[in-house]
Each structure stands twice: as C-alpha cells, then as structure tokens.
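These protein sequence lines are chains D and E, in that order. Every number in the working numbering is 20 more than the matching position in the first sequence, counting from 1. Every number in the working numbering is 55 more than the matching position in the second sequence, counting from 1. Following: one structure in structure tokens, then a few remarks.
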Amino acid sequence: MKEYRLDCLGEACPIPLMKTEKKMMDLQVGDMLIVMIDHSCAMKNVPEWARTQGHNVDIEEVDDGEWEIFIEKVK
Amino acid sequence: MEKKTEQYDVVIIGGGAAGLTAGIYCGRARLKTLIIEKSLMGGLATYTNEIENYPGFPDGSSGLELMELFHKQAKKFNVNFKMTDVKSVDFTSEVKVVETFRVRYEAKAVIVTSGGKPRLTNAKGEAEFLYDKGISFCATCDAAANTDKEIMVIGSGDAAIEEGIFLTKFAKKVHVSVMHDTGKMDCNEIAKADAMQNPKMSFIWNTVVEEFNGNGHLDTVVLRNLKTNELIPVPVDTCFIFIGYLPNTEIFKDVLPMTKAGYLVTNEKMETSIPGVFAAGDVRDKFLKQVATAVGDGAIAGYAAEKYIAESEMFEMQILNHGRPSLAYVYNAIDATSRAYLSVIEGFEHEHPDIKVSRIDVYKSDGLARRLGVSKLPSLVYINNNKIIRKIDDINDLSIQQIVE
Numbered sequence: 021m022k023e024y025r026l027d028c029l030g031e032a033c034p035i036p037l038m039k040t041e042k043k044m045m046d047l048q049v050g051d052m053l054i055v056m057i058d059h060s061c062a063m064k065n066v067p068e069w070a071r072t073q074g075h076n077v078d079i080e081e082v083d084d085g086e087w088e089i090f091i092e093k094v095k
Numbered sequence: 056m057e058k059k060t061e062q063y064d065v066v067i068i069g070g071g072a073a074g075l076t077a078g079i080y081c082g083r084a085r086l087k088t089l090i091i092e093k094s095l096m097g098g099l100a101t102y103t104n105e106i107e108n109y110p111g112f113p114d115g116s117s118g119l120e121l122m123e124l125f126h127k128q129a130k131k132f133n134v135n136f137k138m139t140d141v142k143s144v145d146f147t148s149e150v151k152v153v154e155t156f157r158v159r160y161e162a163k164a165v166i167v168t169s170g171g172k173p174r175l176t177n178a179k180g181e182a183e184f185l186y187d188k189g190i191s192f193c194a195t196c197d198a199a200a201n202t203d204k205e206i207m208v209i210g211s212g213d214a215a216i217e218e219g220i221f222l223t224k225f226a227k228k229v230h231v232s233v234m235h236d237t238g239k240m241d242c243n244e245i246a247k248a249d250a251m252q253n254p255k256m257s258f259i260w261n262t263v264v265e266e267f268n269g270n271g272h273l274d275t276v277v278l279r280n281l282k283t284n285e286l287i288p289v290p291v292d293t294c295f296i297f298i299g300y301l302p303n304t305e306i307f308k309d310v311l312p313m314t315k316a317g318y319l320v321t322n323e324k325m326e327t328s329i330p331g332v333f334a335a336g337d338v339r340d341k342f343l344k345q346v347a348t349a350v351g352d353g354a355i356a357g358y359a360a361e362k363y364i365a366e367s368e369m370f371e372m373q374i375l376n377h378g379r380p381s382l383a384y385v386y387n388a389i390d391a392t393s394r395a396y397l398s399v400i401e402g403f404e405h406e407h408p409d410i411k412v413s414r415i416d417v418y419k420s421d422g423l424a425r426r427l428g429v430s431k432l433p434s435l436v437y438i439n440n441n442k443i444i445r446k447i448d449d450i451n452d453l454s455i456q457q458i459v460e
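Next up, the structure:
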C-alpha cells in the first residue's frame, strides 16, 4: 500500500480534478492519494468525483482555506 | 482496518447553514458536538455567487464568505469537525450510531442537516460530462475557466438567472434554456428584468435538454422544443444546470419518515419520529428553503437536542431515581395556581424524606411532561420500581397523601 501526494496548490477548477483523475490511474487498489488544494471549488468536485468512482474519501483542513483530500483506491 | 469508536453528545450530519447553526447552539450549550460534512463546510450556499436576502448583510455577501463566517462562529464554540461522508446510521437504541468509513460515532442526539444536491436533467449523455467535462452546478467554481467562451444555463429559477447574470462577466455569450413560454421565468422580477436587458444573455424558450454531445468534453447541447419537438443543437463549452435540488436522504430510507420526494418529516420542534433524532434545513419537508430559514431550523434543532439530552439525564437519574420511590410535580411556572401548590409540595417533601421529589416546569420545554404522559397541568406523578404507579391532576392535601399509599 503506497501513499502518493499530488500538489494542486494555487490551481483553480477544473485543473485539480483533471490531475486527480489522471493520477488515480497510476494507483493500485489499497493505495492512497493525498491531493493538496487551496481553491474551495476543488472541494466541490474532487471528493464527489472520487466517491462516485467508489473510492473512500476523507478530508483534512490543514489551514484556513487549505485542504488535503485523502482518496483510498478501492477498485 | 478496525473501526474506532468515538462518543459525542451531539452528532450533526451536514455542515451547511442549518448544521453550522445547530452546532453553534449545541457548542454554546457546552455539549460535545461533532459536525460531519462530506466536502466543503457551508453546503449548497457556497455554490451561490451572491446572497442578498440574508439579513444583517445590507451589501450582500458571497455564499462562500457568509458560510466561512458561520464556520468560524461554530469553531469559536469548540464544535468539532470531520470532513467525510456518512456511510450508515443506526437509531434503534438510546445511543445513536453514525458511521463513516473509518469511525463509529456514538451520540446521545443526532441532528440531520444533510441538505440537498443539484437535480440532474437525466438527458442522454449527461453522466459522461459531469464535473470537469463540461457540465457544472457551480458558477463561481467554473466562471473563470469560461472566460470569453460560449456557455449554456438550464433553468429559469433564481439560481439559474442570477448565476447566469454573474456568468456574463466572464463568458462572451450565455444561452438560457427555459421550459416555459416566451417571457415567462420562475425567478424573482428583479433578476428577470436584469437578465432580459443583458446583451450577453439569449433565451431559448419552451425547451428542455434532449442530449449532451462531445468527444471527451462537452461541445454541444441539443435542446428540444416542447411545442414543436424541433431539435436545436447549441455549441457551448460548458453547460450549467440549475433546475432545483433533491434531498440527500438515501441513508435514511426506512429509518426516518420521509415524503414521497424524499424530504424528512418533522414537527415544528424539528423532531423526527425517533426521540433524540432531529432534522433541520433543506433536507426537511418545508415551504421555503433559504439560508435564513435553515438558520431558524438549525437554532431550533440545536436547542431541542440540548433539551432532549438534559431531560434524558434528568429522567434517568432523578425521576426514575434508580428504581426507588419518586414523585414528580409537573407544572407551568407562569400559571398562578401551579405556583400556589409549590408550598404544598414542599410540605410533602419534608414529611417524606424517603421519596425523591422533582419539580418539572414545562414553561421552556414540555419534553419531560410528554415522557410522563402528562397533558393536564398541574399534575402529580408517582413512580416506583422505574414504573409510573399513579397520576393525578386534582391536587389537594388529601390527594397528595393518597398518591403514595
């Protein structure tokens, strides 16, 4: 089980989601991707997209207006 | 991975306007409170570019900014936050259980403020282009990416028209598909007048979406004229859908009573049919869904949860009195007759040190009276071995002595 980090700081929609979708293809089942974002718009589509794909999603607010989205690949 | 268990007084499902307000009330009442939000704190209001009808902000505010203030205020009262989605709930026992994929949360009370989600058109091809592939539900999120592009808005309610006007600041052309006859919209008159005068907006009346087309990314929305059935292909870069909302209540199916459309049914105290489970905000079946009404609901639910927890503790500890004899005087402090008996009750208390006497004022909450099945005030209830032995509403020196015999 590997952990990957994806730096999307400073990037506006739809870039974080496009990068996340691409990166998830490299992951194996059980791996975790941590997407770092600071545009609130990405909080609306990245977790939602990941959940519709069936993955587990957890989010940490690391600072005001800065988040880490944890996506565990489950299939 | 084994799930860990955490205990809270109150767990609030959903961090929108209703949930954050309920959190402020619970936190301020010093209850250990958790708000679980699946994505961005603030809920659907954060999708709105401008909120002009929330009192206290005469110059308006963006939905995101307003919700950041709500969030900040809840943090001030030590509310805890967890950002993940709720997988399941179990409300069958006294301790309520709310599960996420990593944690099992146990709570004395639960407030459901899970709100709504944008409704889809269900037209052909829609699923293919959701999120970053050309179909959006959030103008503020995707406006900048559509600078000098041609876009479409579906709908004619407040959200559709107001967000459409906002989008004209970025896009070069905003096509609006309206299902009604020429000139008829569902939005407020101010927005309608602004939209009709906006040179960048063009309306396509009597139409609904037939199909979304594109190769990897949306490039054409095909509309259908409801009267002539004519198909109208409109090339656009992004399509914004604002055709209303659906309640987020899938996990409460067969758990909480809901309407046919899936909205949760509560009374005016935000109580569902399960004691200790409340619902507030857009997820409720109600007349008007706005930030202003969500705040009112949230305040009531937070207060009701606090009262429920306090009353449960009082009922367990004091009234049931661990199975030993107990007398409850249920009264209303603003009623003079009720108050007059207080001295009689005091006299009884002195004569019977073996019986625990509780005075229950229903003025602020009738929860305990309801648990004791008392409707007429004032009333006396005698309890022994955790059971109600006798109830009287005709109180005098003699009847008060007889009740314990």
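Backbone N, C-alpha and C define an ideal beta-carbon position, used for all residues, glycine too. Model, not experiment: these values are computed from the prediction.
{"Query": "Got a sec: which bits of the region 51 to 65 of chain D sit with their beta carbon under 7 Å from any beta carbon on chain E, in order along the chain?", "Result": "Ser60, Cys61, Met63, Lys64, Asn65"}
{"Query": "Would you give the residue range spanned by the beta strand (DSSP E) that E:Leu286 belongs to?", "Result": "286 to 290"}
{"Query": "I need the boundaries of the beta strand (DSSP E) containing E:Tyr300, first residue and last residue.", "Result": "300 to 302"}
{"Query": "Would you list the one or two residues that DSSP bridges to E:Asp145?", "Result": "E:Val152"}
{"Query": "Let me check understanding here. Comparing Cα to Cα, which of E:Asp340, E:Ala334, E:Ala365, E:Ser232 lies closest to E:Ala354?", "Result": "E:Ala334"}
{"Query": "Could you name each continuous alpha helix (DSSP H) segment of 4 residues or more that falls completely within the region 218 to 306 of chain E, going from the start of the chain to the end?", "Result": "244 to 252"}
{"Query": "Kindly indicate which residue of D:Lys22, D:Trp87, D:Asp51, D:Tyr24 has the alpha-carbon position closest to the one of D:Val66.", "Result": "D:Trp87"}
{"Query": "Please check if any C-beta of chain E sits within less than 8 Å of the C-beta of D:Cys33.", "Result": "yes"}
{"Query": "Using only CA atoms, which one of E:Gly336, E:Lys362, E:Met372 lies nearest to E:Gly171?", "Result": "E:Gly336"}
{"Query": "Would you be able to state if there are at least three C-beta pairs under 8 Å between the region 188 to 206 of chain E and the region 243 to 254 of chain E?", "Result": "no"}
{"Query": "Suppose you measure from the CA of E:Ala129 to the CA of E:Ala77; what does that come to, to the nearest Å?", "Result": "9 Å"}
{"Query": "Tell me whether E:Tyr418 is buried or exposed, calling it buried when 16 or more other Cβ atoms sit within 10 Å of its Cβ.", "Result": "exposed"}
{"Query": "What residue ranges within the region 330 to 410 of chain E form continuous alpha helix (DSSP H) runs of no fewer than 4 residues, ordered along the chain?", "Result": "346 to 369, 391 to 395, 397 to 406"}
{"Query": "Which word fits E:Ile245, buried or exposed, when buried means at least 16 other C-beta atoms lie within 10 angstroms of its C-beta?", "Result": "exposed"}
{"Query": "According to DSSP, is E:Phe192 helix, strand or coil?", "Result": "coil"}
{"Query": "At what residues does the beta strand (DSSP E) containing E:Gln62 begin and finish?", "Result": "59 to 68"}
{"Query": "Using beta carbons (cut-off 8 Å, strictly below), is D:Arg9 in contact with chain E?", "Result": "One cannot answer for residue 9 of chain D here, as it falls past the ends of chain D, which runs 21 to 95."}
{"Query": "Nearest by alpha-carbon distance to D:Asn76: which of E:Ser94, E:Tyr109, E:Ala100 is it?", "Result": "E:Ser94"}
{"Query": "Taking 8 Å as the CB-CB cut-off, is E:Ala200 touching chain D?", "Result": "yes"}
{"Query": "Against E:Met325, what residues of chain D qualify as contacts under a CB-to-CB distance less than 9 Å, listed in chain order?", "Result": "Within 9 Å Cβ-Cβ: nothing; E:Met325 doesn't reach chain D, min ~27 Å."}
{"Query": "Within the continuous beta strand (DSSP E) that includes E:Thr88, where are the two ends?", "Result": "88 to 92"}
{"Query": "For E:Tyr186, would you say it is in contact with chain D, using Cβ-to-Cβ distances shorter than 8 Å as the test?", "Result": "yes"}
{"Query": "Could you say which of E:Ala388, E:Gly422, E:Asp421, E:Ala383 lies nearest to E:Asp448 if we only look at CA atoms?", "Result": "E:Ala383"}
{"Query": "Nearest by alpha-carbon distance to E:Ala17: which of E:Ile389, E:Val429, E:Ala391, E:Tyr363 is it?", "Result": "This structure gives no information on residue 17 of chain E, because the portion of chain E shown stretches from 56 to 460."}
{"Query": "Suppose only complete runs of 3+ residues qualify. What are the beta strand (DSSP E) ranges in the region 79 to 129 of chain E, listed by chain order?", "Result": "88 to 92"}
{"Query": "Which residues, taken in chain order from the region 75 to 87 of chain D, show a beta carbon closer than 9 Å to some beta carbon of chain E?", "Result": "Asn76, Val77, Asp78, Ile79, Glu80, Glu81, Asp84, Gly85, Trp87"}
{"Query": "Which residues of the region 37 to 48 of chain D have a Cβ closer than 7 Å to any Cβ of chain A? Give them in chain order.", "Result": "Here chain A cannot be found, since the structure's protein chains are D and E."}
{"Query": "Could you tell me which uninterrupted beta strand (DSSP E) segments, each at least 3 residues in length, are contained entirely in the region 39 to 77 of chain D, listed from first to last along the chain?", "Result": "52 to 57"}
{"Query": "Between the Cα of D:Ile57 and those of D:Arg71, D:Cys33, D:Met45, D:Ala70, spot the shortest distance and give me the residue it belongs to.", "Result": "D:Cys33"}
{"Query": "Taking the alpha carbon of E:Glu265 as the point to measure from, which residue in E:Lys282, E:Thr176, E:Pro110 has its own alpha carbon closest?", "Result": "E:Thr176"}
{"Query": "Is the Cβ-Cβ distance between E:Pro380 and E:Asn303 less than 8 Å?", "Result": "no"}
{"Query": "Could you give the C-beta distance for D:Asp78 and E:Thr139, rounded to a whole number, given that I count them as a contact under 8 Å?", "Result": "5 Å"}
{"Query": "Based on the DSSP secondary-structure assignment, which residues constitute the bridge partners of E:Leu435?", "Result": "E:Tyr384, E:Ile447"}
{"Query": "Give the DSSP bridge partners of E:Tyr418, in chain order.", "Result": "Per DSSP, none; premise fails for E:Tyr418."}
{"Query": "So D:Asp84 is in the beta strand (DSSP E); what residue range does that whole segment cover?", "Result": "No beta strand (DSSP E) holds D:Asp84; DSSP gives it neither H nor E."}
{"Query": "Taking C-alpha atoms, which residue in E:Gly74, E:Phe295, E:Leu301 lies nearest to E:Gln325?", "Result": "Looking at the sequence provided, one finds Met at residue 325 of chain E rather than Gln. The shortest Cα separation from E:Met325 among E:Gly74, E:Phe295, E:Leu301 belongs to E:Gly74."}
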